[in-house]
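Engineer: If you're matching positions, the sequence shown starts at 4 in our numbering and goes up one per residue.
Glycine residues also receive a C-beta, built at the ideal position from the N, C-alpha and C atoms.
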Amino acid sequence: MSSWASFFGLRKHDPLYIVLSWNRRKYRLYLKDFTQGFEQATVLHLKQHAKRLTGVPMSTMALMYSGAYLKDDTAALPSCGIRPGEEREKVNQTASKDSEEFGYLTRIDKIASSLQRYKDEVDAFEALIKTDKHESMETKTVYDKGVFLSESLMQSLIALDGIVCPPEYETARTRRRAAVKLCQQLLDRVDYLKTVLNDLLKSKM
Numbered sequence: 004m005s006s007w008a009s010f011f012g013l014r015k016h017d018p019l020y021i022v023l024s025w026n027r028r029k030y031r032l033y034l035k036d037f038t039q040g041f042e043q044a045t046v047l048h049l050k051q052h053a054k055r056l057t058g059v060p061m062s063t064m065a066l067m068y069s070g071a072y073l074k075d076d077t078a079a080l081p082s083c084g085i086r087p088g089e090e091r092e093k094v095n096q097t098a099s100k101d102s103e104e105f106g107y108l109t110r111i112d113k114i115a116s117s118l119q120r121y122k123d124e125v126d127a128f129e130a131l132i133k134t135d136k137h138e139s140m141e142t143k144t145v146y147d148k149g150v151f152l153s154e155s156l157m158q159s160l161i162a163l164d165g166i167v168c169p170p171e172y173e174t175a176r177t178r179r180r181a182a183v184k185l186c187q188q189l190l191d192r193v194d195y196l197k198t199v200l201n202d203l204l205k206s207k208m
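1) To the nearest angstrom, how far is the alpha carbon of Leu196 from that of Thr142?
2) In the DSSP output, what is Thr45 paired with across the bridge?
3) Should Phe128 be flagged as near chain B, meaning a C-beta pair shorter than 8 angstroms?
4) Suppose contacts are defined by Cβ-Cβ distances below 8 angstroms. Is Arg178 in contact with Leu108 by that definition?
5) Quick check on Leu19: buried or exposed, where buried means 16 or more other Cβ atoms within 10 Å of its Cβ?
6) If you draw a straight line from the C-alpha of Ile166 to the C-alpha of Ile111, how long is it?
7) In chain order, what residues of the same chain lie with their CB nearer than 8 angstroms to the CB of Thr77, ignoring the 5 residues before and after it?
8) Leu160 and Val125 - do their beta-carbons sit closer together than 8 angstroms?
9) Can Leu32 and Leu56 be called in contact, C-beta distance under 8 angstroms?
10) Suppose you measure from the CA of Gln96 to the CA of Ser153; what does that come to, to the nearest Å?
11) With a CB to CB cut of under 8 angstroms and the five nearest residues on each side skipped, what residues in its chain are close to Val193?
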């Protein structure tokens, strides 16, 4: 998979620009482009210029310098050890390949967010059964809650199955696998809890 491999390899004979390389292409980023001045330029400013030059979404961009990720967008570039006119180590940037993968990520993340909400509901459903609070509720109401969770999770799983990520979109594929795994785990929990509920109801008949 193509990855960001950007470096601030400022040539000693020409310290007026830094070079961004991505997907076997190189882009010049002139120091004058930092309108606030290079000394005040931050990691966020660098990301903005990188997006402008390459089209890679900032939301899927991860900058790396000297083996460490630049996680603080507010950090000034000089504070990260980056200074113009010096021979520096490579700054690797890894990110999702392009805006098309970003589209896959958006769809997956939307489903993953709903799964987190369902997880809270499954936790509440489990607590309802294990603490015998269900005894004060109508049987149909409690059972319908389990059915609702099963159907909702199954719909999420079907939606994830419908997202077929190209092999080169490893970030999207990884997130999809994680979402599928969580969805299946929640489905298994709900199925188990419904069985427990049925057994409890039968024992009291």
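Structural biologist: Short version:
1) 14 angstroms
2) Ala79
3) You won't find chain B in this structure, because it holds only one protein chain.
4) yes
5) Per the 10 Å Cβ criterion, exposed.
6) 8 angstroms
7) Excluding positions up to five away in sequence, the list reads Thr45, Val46 and Leu47.
8) no
9) yes
10) At Gln96, the pLDDT of 39 sits below 50, so the modelled position is not reliable and the matter cannot be decided from this model.
11) Val125, Phe128, Gly149, Leu152, Ser153 and Leu156
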